[in-house]
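Here's the structure we're looking at; comments come further down.
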Amino acid sequence: MENKEVLLEVKDLQITFKNGRREFVAVDDVNFEIYRGETFSLVGESGSGKTTIGRAIIRINPTTKGEIIFNGKKINGKIDKKLDREVIQKIQMIFQDPMASLNERAKIDYIISEGLYNFHLYKDEEDRKNKVEDALKEVGLLPEFASRFPHEFSGGQRQRIGIARALIMDPEFVIADEPISALDVSIRAQVLNLLNKLKKEKNLTYLFIAHDLSVVRFISDRIAVIHKGRIVELADSEELFLHPLHPYTKSLLSAVPIPDPQIEKQKKLLVYDPSMHDYSVNKPSWVEILPGHFVYGNEEEIAGYRKEIND
Amino acid sequence: MERQPILSAKDIEITFSMRGKYLKPIRKCSLDLYEGETLAIVGESGSGKSVFTKSFIGMLDNNGSITGGSIMFEGVDIAKYTKESDWLKIRGKKIAMVFQDPMTSLNPLKIIGEQIREVIELHQGIKGEESKQMAIEMLEKVGITDAANRYNQYPHQFSGGMRQRVVIAIAAACFPKILICDEPTTALDVTIQAQILDLIRNLQKEMGMTVIYITHDLGVVANVADRVAVMYAGEIVEVGNAEEIFYDARHPYTWALLSSLPQLGVKGEPLSTIEGTPPNLYQEIKGDAFAPRNTHALRIDFIENPPYFEVTPTHKAKTWLLDPRAPKYEAPHAIQKLRDKMKK
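Residue numbers (the working numbering), protein chains in the order written: chain Y, 256 to 566; chain L, 18 to 361.
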């Protein structure tokens, strides 16, 4: 673990949204590191702030406190133009809603090559066309699709166009925000394989944002579980699945559908009730309970988790 | 067990005309739906699962029509319906549908309560205070607390899961015989998904509905379905009880679907995928539509479309592999391990 190079570091991150005079803290006290070449997943329900963190890294959402460090340079807040351009090219994002993220009036050819145009990443027109064609093929679409418009595609196909658009920029770091929630099972597998293949070939690093734990387990090296803007547990993915500690992680795991009718029909859902934590006296903190396994809780809870590990 | 089907579709063919060309998204589909059961229709996007069920309520797009076969429902062949007034007696009243995206299936300019009340007034002829009361009851039934107040709220004041509950309330408001749920939980979180599936199950029990799920998530199928129909390129390629499909699948397409589940993946190794793309429906399909993508394809698959072979009285599959003359293939290793793996 120690030898790994940190590509992205998030320190004490806080993000607030203002609505008139009211302030809403969407993300608070978030700390994590992403190593080069790994897949790091943020898992949580909608509204937990996982997308907000992703958007803050790519400089869409401004941060209120804390630092985001990419390749040793601070990239949140005010930065110079050159670094801004670098961040835009090196960090790419695959968005959640394929219906909203493609320009309805542009052809697929333009949508995919927009980044190439902006950064002049092609030799000549033919080179650009080839790149678009390859990108389309890689995501399981036909090269002919380049001359069509987004409305001619299903949600799944559109999402693949979104992925092609990100990958064509040759990024170092890809933020994938629920990239496969809208895809079919068989296509899901293809896209996951593709993401894994590219990760190996180009030494890409992923931040994978998802709510579906079954997918996350397969693709990620480490998983952080986020609830209401706070990371409640972080561990290697197998460790998290086999020995979840935080009650919220447990409830998320119990909700994962299992493709087996007999087991699935008998399974019991665990419901998470945040009011079970009494933090009024005993303040919670972020504790490394086992090497690489972090959990959020107060002393009493941590003692309970420790006992659970030993049993 | 001899059960009477509540709805029986036979050899349904649907044709769309697109820019002067004709395409057939549904090619001779037959399906029996039994009272009180939950049937799941599984398949990739474009396999025709939505189009097929939309034909039960006359909701095909204007350029599409049923060009063959029959759909028997309550002793009438509803496939012959052409007038909107005929469909209005069925749609929403006897067969209702829940759509995938709760964000788009509600009217953003109308309060929630009115949208439920509208259905009750239209189909049951109940007016005024009484219909309002029924709408509030419906909201309570789908688990919305403080229903009397939320009656007056707009869709944007509801979360995704709550909106889907409202959509279900609208669909169930007329006590339909059949509820078709088209990917009801795809747009939702896992935790909310589990709640919505529970809700639909409870409503089904309480109101004695028959439910059709359209989904591509086999985890959801395992959770809800009594029977499963697998669709590919406009045909039902395999149909059976949930246990038969999950533990003893016979069609190579079903094998491929099951083995591409991320739950079965081994980290560091690629997941098994289905190569290629579904066939172009503008062209005449010769032989088995799945043959070009099928690693187990036989020569005959490219020449002649296989008939259904019966595995058990409830389980049949449309593949030449079940012909006594065909070489014996075992289901892929990954699926055989499915049960052991899932027990962990």
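Every residue gets a Cβ at the ideal spot worked out from N, C-alpha and C, and that includes glycine.
Rounded Cβ spacing between residue i and residue j (contact assumed at less than 8 Å)
i, j, result
"LEU447/Y", "PHE473/Y", "7 Å"
"ALA362/L", "ASP318/L", "Nothing about residue 362/L can be reported from this structure: the residues present for chain L run from 18 to 361 only."
"LYS333/Y", "ILE481/Y", "The pair is not a contact, with the Cβ atoms about 27 Å apart (cut-off 8 Å)."
"GLY109/L", "VAL136/L", "6 Å"
"PRO434/Y", "ILE349/Y", "4 Å"
"ALA239/L", "GLU519/Y", "4 Å"
"ILE161/L", "ARG182/L", "6 Å"
"ARG44/L", "GLY304/L", "13 Å between Cβ atoms; not a contact."
"VAL542/Y", "ILE557/Y", "5 Å"
"VAL254/L", "ALA334/L", "7 Å"
"PRO353/Y", "GLN414/Y", "4 Å"
C-beta contact flag for residue i and residue j at 7 Å
i, j, result
"ILE112/L", "ALA96/L", "no"
"GLU260/Y", "ARG291/Y", "yes"
"LYS345/L", "ILE231/L", "no"
"LEU40/L", "PHE90/L", "no"
"THR55/L", "VAL241/L", "yes"
"GLN280/L", "SER469/Y", "yes"
"ASP432/Y", "GLN351/Y", "yes"
"ILE418/Y", "VAL394/Y", "yes"
"ILE262/L", "VAL237/L", "no"
"GLY293/L", "ARG310/L", "yes"
"TYR534/Y", "VAL487/Y", "no"
"ALA311/Y", "ILE346/Y", "no"
"ILE366/Y", "ASN373/Y", "no"
"ALA186/L", "LEU156/L", "yes"
"ALA306/L", "ALA314/L", "no"
"PRO516/Y", "GLU260/L", "yes"
"ILE588/Y", "ARG420/Y", "In the structure as shown, chain Y begins at 256 and stops at 566. Residue 588/Y is therefore absent and cannot be evaluated."
"VAL526/Y", "VAL298/Y", "no"
"ILE568/Y", "GLY309/Y", "Residue 568/Y lies beyond the residue range present for chain Y, which begins at 256 and ends at 566; the question has no answer from this structure."
Limits of the unbroken beta strand (DSSP E) element including residue i
i, result
"TYR503/Y", "Premise fails: TYR503/Y lies in the alpha helix (DSSP H), 502–510, not in any beta strand (DSSP E)."
"GLY321/Y", "320–325"
"LEU545/Y", "540–545"
"LEU56/L", "55–59"
"THR70/L", "No beta strand (DSSP E) contains THR70/L, which is instead part of the alpha helix (DSSP H) from 66–71."
"SER25/L", "22–35"
"HIS140/L", "No beta strand (DSSP E) holds HIS140/L; the alpha helix (DSSP H) holding it covers 129–141."
Minimum C-alpha distance to residue i - residue among the options
i, options, result
"SER492/Y", "THR307/Y, PRO434/Y, LYS259/Y, THR504/Y", "THR504/Y"
"THR307/Y", "GLN517/Y, LEU462/Y, ASP382/Y", "LEU462/Y"
"PRO125/L", "HIS173/L, PRO269/L, ALA152/L, ALA306/L", "HIS173/L"
"ASP284/Y", "ASP267/Y, LYS273/Y, LYS523/Y, ILE367/Y", "ASP267/Y"
"ILE31/L", "TYR270/L, GLU54/L, ILE129/L, ASP78/L", "ASP78/L"
"ARG243/L", "GLU52/L, ILE161/L, GLU157/L", "The amino acid at residue 243/L is misidentified as Arg; the sequence shows Asp. Nearest C-alpha to ASP243/L: GLU52/L."
"HIS501/Y", "ASP515/Y, LYS522/Y, HIS548/Y", "HIS548/Y"
"GLY370/Y", "GLY275/Y, PRO499/Y, MET424/Y, ARG310/Y", "MET424/Y"
"TYR168/L", "GLU154/L, GLN181/L, GLY178/L", "GLU154/L"
"ASP340/L", "TYR325/L, PRO330/L, HIS332/L", "TYR325/L"
"SER277/L", "LEU297/Y, ASP439/Y, ALA490/Y", "ASP439/Y"
"GLN210/L", "PRO193/L, ALA190/L, SER176/L", "SER176/L"
"VAL228/L", "VAL247/L, GLU301/L, PRO201/L, GLY63/L", "PRO201/L"
"LEU508/Y", "ILE557/Y, ASN316/Y, GLU300/Y, MET354/Y", "GLU300/Y"
"GLU456/Y", "LYS273/Y, LYS329/Y, GLU293/Y, ARG415/Y", "GLU293/Y"
Contact test: residue i Cβ vs the ligand SAH heavy atom, cutoff 6 Å
i, result
"PRO172/L", "Looking for the ligand SAH in the displayed structure turns up nothing, as the structure carries no ligands at all."
Terminal residues of the alpha helix (DSSP H) in which residue i lies
i, result
"ILE317/L", "Run containing ILE317/L: none; DSSP gives neither H nor E here."
"GLU388/Y", "380–393"
"GLN221/L", "207–224"
"TYR270/L", "269–276"
"LYS305/Y", "305–312"
"VAL536/Y", "Where VAL536/Y is concerned, there is no enclosing alpha helix (DSSP H), given that its DSSP letter is neither H nor E."
"ILE366/Y", "363–374"
"ALA204/L", "Neither: ALA204/L is in no alpha helix (DSSP H) and is coded neither H nor E."
Under 9 Å (Cβ pairs) to chain L, residues found in the region 506–533 of chain Y: SER506, LEU507, SER509, ALA510, VAL511, PRO512, ILE513, PRO514, ASP515, PRO516, GLN517, ILE518, GLU519, LYS520, LYS522, LEU524, VAL526, TYR527
Interface positions of the region 256–279 of chain L facing chain Y (Cβ-Cβ less than 9 Å), listed along the chain: ASN258, ALA259, GLU260, ILE262, PHE263, TYR264, ALA273, LEU274, LEU275, SER276, SER277, LEU278, PRO279
Chain L contacts from the region 459–470 of chain Y (Cβ-Cβ distance under 8 Å): HIS466, ASP467, LEU468, SER469, VAL470
Chain Y contacts from the region 335–354 of chain L (Cβ-Cβ distance under 8 Å): none
Interfacial residues, the region 444–460 of chain Y to chain A, with Cβ spacing under 8 Å: Absent from the structure is chain A; the protein chains it does hold are Y and L.
Members of the region 233–246 of chain L that neighbour chain Y once the beta carbon cut-off is set at 8 Å: HIS233, ASP234, LEU235, GLY236, VAL237, VAL238, ALA239, ASN240, ALA242
Contacting positions in the region 199–211 of chain L - beta carbon closer than 9 Å to chain Y: THR203, ALA204, LEU205, ASP206, VAL207, THR208, ILE209, GLN210, ALA211
Residues in the region 291–304 of chain Y having any Cβ partner in chain L nearer than 8 Å: GLU300, SER301, GLY302
Cβ-based contacts, 9 Å cut-off: residues of the region 260–286 of chain Y near chain L: none
Chain Y contacts made by the region 290–305 of chain L, where a contact means CB separation under 8 Å: THR290, ILE291, THR294
Against chain L: residues of the region 385–397 of chain Y by CB proximity under 9 Å: GLY395, LEU396, LEU397
Contact list for the region 48–75 of chain L against chain Y, Cβ threshold 8 Å: GLU61, SER62, GLY63
Chain L contacts from the region 471–495 of chain Y (Cβ-Cβ distance under 7 Å): PHE473
Residues from the region 150–164 of chain L in contact with chain Y, defined by Cβ distance under 9 Å: none
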